[in-house]
Every structure is written in C-alpha cells, then in structure tokens.
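Each residue of the sequence shown is one higher than the last, beginning at 1 in full-length UniProt numbering.
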Amino acid sequence: MIFPTHNEEHQKQFERQIEVDDYYWHNSCDQLCTKQETRECNVQTCPINCVLGEYGPWSDCDPCIEKQVKVRSILRPGQFGGQPCTEPLVTFQPCVPSKLCKIEEADCKNKFLCDSGRCIPHKLECNGENDCGDNSDERHCGRTKAVCPQKYYPIPNVQLMGTGFHFLAGEPRGDVLDNSFTGGICKTVKSSRASNPYRVPDNLETVNFEESSFVRIHKAIKVFNFTMKTTDLQLSDVFLKALHHLPLEYNSALYSRIFDDFGTHYFTSGSLGGKYDLLYQFSNQELQNSGLTEEETRHCVQYETKTRFLFFTIHRNTEERCTTNKLSEKYEGSFLQGSEKAISLVQGGRSYQAAALAWEKGTSGPEEKVFSEWVESVKENPAVIDFELAPITDLVRNIPCAVTKRNNLRKAFQEYAAKFDPCQCAPCPNNGRPRLSGTECLCVCQSGTYGENCERRSPDYKSGTECLKPVVQDVLTISPFQRVYKIGESIELTCPKGSVVAGPSRYTCKGDSWTPPISDSLTCEKDNTLTKSKGLCQPGQKQSGSKCICMSPEEDCRYEAL
C-alpha cells in the first residue's frame with residue numbers, strides 16, 4: 001500500500017508499506033524496491049469571475065463636445081479563467097449643454113496662427129516648408145526661397161522619438177511631438193554610413209551617430225543617440241488638438257483618454273538601433289549525456305553562435321570540448337545542431353531576417369549572411385531600444401489655460417494609475433507575478449513553472465531559496481550588485497543625477513521572487529521636484545493668507561500661460 005503525505009515545500013511524499021518475507025530477502029528486494037517517492041504538488045486555484053460596479057450618475061453636459069459621461073469601477077478583476085467583463089467602464093451620450101464652451105482661442109500675439117492652433121514665427125511663412133503641419137502657412141504664397149541649399153532626408157525613424165510611451169502598459173502610443181518640424185533652420189548631422197547628411201528636427205538638442213559596428217549576443221546595436229530639448233518642444237498636431245479640446249472643468253473620463261491615446265510619458269533621451277537575442281532549447285537528457293558542465297554548455301553555445309553567425313574569432317579553453325563531446329559528435333561536430341529549436345527575439349531592422357536565424361531540429365540551418373544582412377537593415381529601420389522618460393504632463397505648456405489643464409491631467413493620472421494596480425489581483429500560484437490588464441488579472445510565471453496560471457511545475461522543479469539578479473534597463477544601477485541574493489536581502493535601484501526611478505526603488509528577495517515585482521519596463525524619469533521659496537506660490541496658485549491655493553479656471557486663463 002502507498003500512503004501520501006504533504007510537506008511545506010508543496011511536495012507530496014509517497015511511502016510504500018512493505019511486507020517482509022523470505023522472498024523479499026532472497027531476491028534482494030531491499031536494494032531493488034523504491035520505498036519512498038517525492039513529487040511536486042500542482043497548486044491550482046478556482047476561477048474568479050469579473051465583477052463590475054454600478055454606473056455612477058451622469059456628469060454635467062460638457063459644452064465643448066456636447067456629451068455627458070458616466071463611469072463605473074472594477075469591483076473584482078477576472079482571474080484564473082473566470083468569466084470576463086465585456087461591458088465598458090465608461091459610456092457617453094449626447095446632450096444639450098446649459099453652458100458655453102470655455103475652450104480659449106490661442107493668442108499668438110506677434111506670431112502666425114496656424115489653422116491647427118499652433119503658433120509659429122512670421123519668418124516661417126512662405127518658406128516652402130510645412131511648418132504648421134497643416135500647410136496653412138504656405139497658402140497664398142508667391143515665389144519662395146528654400147531654407148536649405150539642397151534636399152536632405154530626415155533621420156531614419158525620427159518620428160519614433162516623438163511617440164508617447166505608456167509606462168503602465170510598457171508600450172508606445174500616439175505621437176506627442178512633431179519631429180518633422182525644423183523651425184526654418186537647416187541643421188544637419190553626418191553619418192559615416194550615409195553619403196548625404198540627415199536634417200535635424202527642431203525638437204532635438206543633440207544627435208550622435210554610433211560609428212562602432214561591434215555586435216554581441218544579448219547586447220544592443222546602437223545606430224545613434226538622441227537628446228530632446230528641455231524647452232519649446234513642438235507638439236504633434238493630433239496631441240495639440242486633443243489638449244485644446246479638454247474642458248477646463250475637471251472630467252476624469254475625458255482627461256484619462258489622453259493617457260489611453262498618447263501614453264503617460266515621452267522620451268527625453270535614448271538610443272535608436274536594434275536588439276537581438278537567441279534562445280536555444282536542448283533536451284535535458286542530451287545535455288546530461290554530453291558530459292559537459294552547465295558552464296561548459298553555456299560557453300559552447302556562445303562559441304558556436306559567435307563563430308558561425310557573427311564571424312568572431314574566440315579563443316576559449318572549452319573550444320575543443322565544444323566539438324569533441326558526445327552531443328557534438330552525434331551531430332557532425334555541431335553543438336547547436338543538437339538543440340531542439342532556436343528562438344530569435346528582435347527589435348529593429350527587418351524582423352523576417354532575424355527570424356530566419358531560428359531553426360528546428362531536422363531542418364537545414366540558416367545561411368551565415370542572414371545575421372549580417374539584419375545588422376545592415378537596422379541602420380535604415382532602427383527602433384527605440386534605450387530611453388529616459390518624463391511625464392507627458394510636462395508638455396502641457398504654451399497653450400491657453402495650460403496650468404489648469406496640467407493640474408487636471410496630474411489629478412487624472414493618479415486615478416488612472418490605480419486601474420493598473422496588481423494589488424487588486426489574487427496571489428498567483430507558485431510565486432507567479434500578477435499583472436492587471438484591463439479587467440483581467442494575468443500571471444507571469446517564474447522559472448520552472450508553467451500553465452495558464454503557473455499552476456503546473458516541471459518535474460525537476462525545486463523551491464527557490466534565493467533570487468537571481470534582476471534584469472533592468474541599462475540606465476538603472478543595482479546596489480548591492482550580486483549574482484544571487486538570499487531570502488530577506490534587499491536591493492536599491494538608483495538613477496543618474498537629475499533623474500529618479502519611475503516607480504518603487506527598493507525590493508526584497510522573498511522565496512525565489514522580488515517583492516514588489518520588478519517591472520521589465522521600469523526606467524528613470526526627470527526629477528521634477530521643485531524647491532519652493534517661502535512666501536511664493538507656484539504657477540496656477542494664488543496667495544490666501546499664509547497658504548497657496550489653486551486659482552479658478554477664470555483666474556488661471558488670465559494668468560500668463562507657461
């Protein structure tokens with residue numbers, strides 16, 4: 001008979017009750033029989049159905065869009081395969097306003113007013129360039145004089161630097177900066193890879209092309225670095241129009257749509273280029289039979305990948321072992337051919353060329369020129385791979401009632417960020433990390449666990465007693481810096497001078513995971529902490545006795561826009 005028991009490590013132990021007799025001793029059953037067996041438990045939770053609250057009352061009729069809105073919150077997100085919520089959290093209906101629309105017309109003073117509401121210097125009229133973005137500055141023009149003596153092409157993918165970034169979702173959103181605007185200045189930058197210089201947009205403070213072509217696995221190929229100006233940034237037309245149409249009276253739903261459409265932050269500096277990574281999948285049995293240690297296996301994968309695809313000359317002590325072990329000899333001297341499959345992960349360039357580097361067992365491997373062709377394509381089609389961020393609210397300047405709208409956006413962001421708080425989720429099995437996506441909670445599994453909700457464990461899984469050094473953005477510094485950390489040890493993330501961590505900065509090792517979970521998109525943002533002078537109020541505030549209080553929208557609109 002077999003009697004199962006459970007231990008604190010989520011394991012089930014089986015003990016066999018053995019009847020001892022002459023047959024048992026005569027046939028050496030004491031040595032041959034398995035008396036005890038340990039298996040990992042599969043921790044699986046019951047489905048949690050999504051529950052929404054009731055709609056609140058209809059808002060006042062917005063006089064600018066002639067609609068009113070009502071919203072409701074998530075009482076309980078769906079999780080573990082439970083019933084999802086399909087009804088919207090926000091609903092609109094048309095209405096007849098009782099107030100006049102308070103959207104202020106832009107006062108360009110001594111500048112030219114574009115149809116889009118943008119103000120540009122009069123010197124940019126009729127210069128043959130679309131400085132307004134809607135071409136309204138080039139109407140009714142006679143003969144024009146070109147700004148540049150010849151035609152220059154824009155920097156490759158320069159528009160990507162002007163997209164908003166949704167920090168909570170970790171993905172780019174709509175354009176917030178107009179990087180086609182050159183300000184009537186013929187500023188160019190030269191790259192050794194191109195015969196003609198590129199024209200630099202007005203929003204860029206600096207741009208430097210990387211001349212090095214050195215490439216390694218798990219590293220980035222940087223085409224160029226960029227830094228945005230700190231003042232007088234030109235906003236994209238679509239973002240500018242969205243700001244102009246915001247009401248002066250606070251409306252959470254309307255202000256929150258800005259973050260949905262344009263993200264929560266914008267890029268202040270960074271790098272454009274490409275990232276490439278290769279993951280090889282091997283059979284555990286094949287690796288054990290090869291006779292190589294774990295470190296030797298890693299070196300052999302790196303050695304053959306770099307010499308086969310990247311054309312590096314590498315001298316290692318393990319080079320001979322990489323071609324003479326049992327696994328390599330089985331596949332004509334190739335250690336990589338012994339892998340079950342290879343998965344390529346790519347950013348920038350032509351992805352189909354990088355995908356061609358992956359292969360499955362039994363198929364012909366990729367040609368050696370595929371990787372070098374992808375590297376060349378990165379130069380013409382780079383992606384944003386490293387960056388620093390600043391809040392998108394910092395861009396709300398030089399428009400009518402900028403202070404009121406900026407304060408309303410900051411208030412809306414506090415409410416908006418709460419919708420992404422994973423604390424609303426139930427704990428995930430096996431130390432999985434909960435992530436709130438819309439009205440559903442998802443589980444990000446730890447190494448050694450899998451399944452839709454991390455409820456299953458691999459046969460050789462062992463409960464962790466330490467945490468590995470987390471993978472973070474290059475701009476962040478980990479202190480103390482170690483390869484592994486014991487349970488209870490903490491780390492501190494810091495940023496370069498002038499910027500702060502855009503999220504929690506202190507994390508503690510709990511089991512085999514960090515608490516709180518460390519986001520893959522965690523980065524630095526500009527430090528906007530202002531030193532308040534005694535007796536002086538911030539823009540958008542007024543003195544009331546010994547305190548500073550917010551101005552009303554009417555008072556704010558008479559205040560000089562910042």
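In this text, a Cβ means the ideal position worked out from N, Cα and C, and glycines have one as well.
- Closest option to glutamine 281, judged by alpha-carbon separation, among Val301, Phe262 and Ser271: Val301.
- For glutamate 376, the three-state secondary structure derived from DSSP is helix.
- Each of Glu380, Gly349, Gln234 and Gly273 was checked against the Cα of isoleucine 399, and the nearest Cα belongs to Gln234.
- Two segments are said to touch when three or more pairs of C-beta atoms, one from each, lie closer than 8 Å; by this definition the segment 444–454 touches the segment 410–429.
- Around the beta-carbon of glycine 291, fewer than 16 other beta-carbon atoms lie within 10 Å, marking it exposed.
- Between the C-alpha atoms of lysine 35 and asparagine 27 there is a straight-line separation of about 16 Å.
- Assigned with DSSP and collapsed to three states, threonine 86 falls in coil, not helix or strand.
- Check the Cα spacing between alanine 242 and each of Ala253, Ile258 and Met228: the tightest is with Ile258.
- In this structure, serine 180 keeps its C-beta atom at 8 Å or more from the C-beta atom of lysine 222.
- Ranked by how close their Cα comes to the Cα of valine 200, the residues Arg173, Met161 and Val238 have Met161 in first place.
- About 6 Å separates the beta carbon of lysine 70 from that of proline 57, a gap short enough to meet the 8 Å contact definition.
- Take the alpha-carbon of cysteine 148 and the one of glutamate 129: they are about 10 Å apart.
- Taken in chain order, the unbroken stretches of beta strand (DSSP E) that lie wholly in the segment 192–280 and span 3 residues or more are 204–209 and 220–228.
- It is roughly 11 Å from the alpha-carbon of glycine 53 to the alpha-carbon of cysteine 85.
- DSSP, read as helix, strand or coil, puts histidine 166 in strand.
- For tyrosine 507, the enclosing beta strand (DSSP E) stretches over residues 506–510.
- Around the Cβ of serine 513, a 10 Å sphere holds 16 or more other Cβ atoms; the residue is buried.
- Counting only residues of its own chain and dropping the five nearest sequence neighbours on each side, leucine 75 has a CB closer than 7 Å to the CB of Val51, Leu52 and Gly53.
- One thing to note: tyrosine 266 has its Cβ within 8 Å of the Cβ of phenylalanine 165.
- With contacts defined as CB atoms closer than 8 Å, isoleucine 491 and lysine 510 fail to qualify as a contacting pair.
- Cysteine 64 and proline 247 have their alpha carbons spaced roughly 7 Å apart.
- The residues Arg435, in chain order, have a CB closer than 7 Å to that of leucine 442 in the same chain once the five nearest residues on each side in sequence are set aside.
- The distance from the Cβ of proline 156 to that of proline 382 is about 6 Å, consistent with a contact at the 8 Å cut-off.
- Assigned with DSSP and collapsed to three states, aspartate 175 falls in strand.
- The alpha helix (DSSP H) runs lying completely inside the segment 386–429 and spanning 4 residues or more are 402–418, given in chain order.
- In the same chain as lysine 411, and ignoring 5 residues on each side of it, no C-beta atom comes closer than 6 Å to its own.
- Here valine 370 carries a helix assignment [DSSP, helix/strand/coil].
- Of all alpha-carbon atoms in Arg118, Asp60 and Asp115, the one lying nearest the alpha-carbon of asparagine 251 is that of Asp60.
- Scanning its chain for C-beta atoms nearer than 6 Å, with the 5 sequence neighbours on each side dropped, one finds around threonine 515 the residues Thr508, in chain order.
- The DSSP-derived three-state label of glutamine 288 is helix.
- DSSP places lysine 151 outside both helix and strand once states are collapsed to three, so it counts as coil.
- From the listed residues Arg483, Val444 and Thr449, the smallest Cα separation to aspartate 520 is found for Val444.
- For leucine 476, no alpha helix (DSSP H) run applies, since DSSP gives it neither H nor E.
- One thing to note: phenylalanine 262 has its Cβ within 8 Å of the Cβ of arginine 173.
- Taking 8 Å as the cut-off, the Cβ atoms of valine 475 and leucine 493 do not count as close.
- Residue range 29–32 is occupied by the alpha helix (DSSP H) that includes leucine 32.
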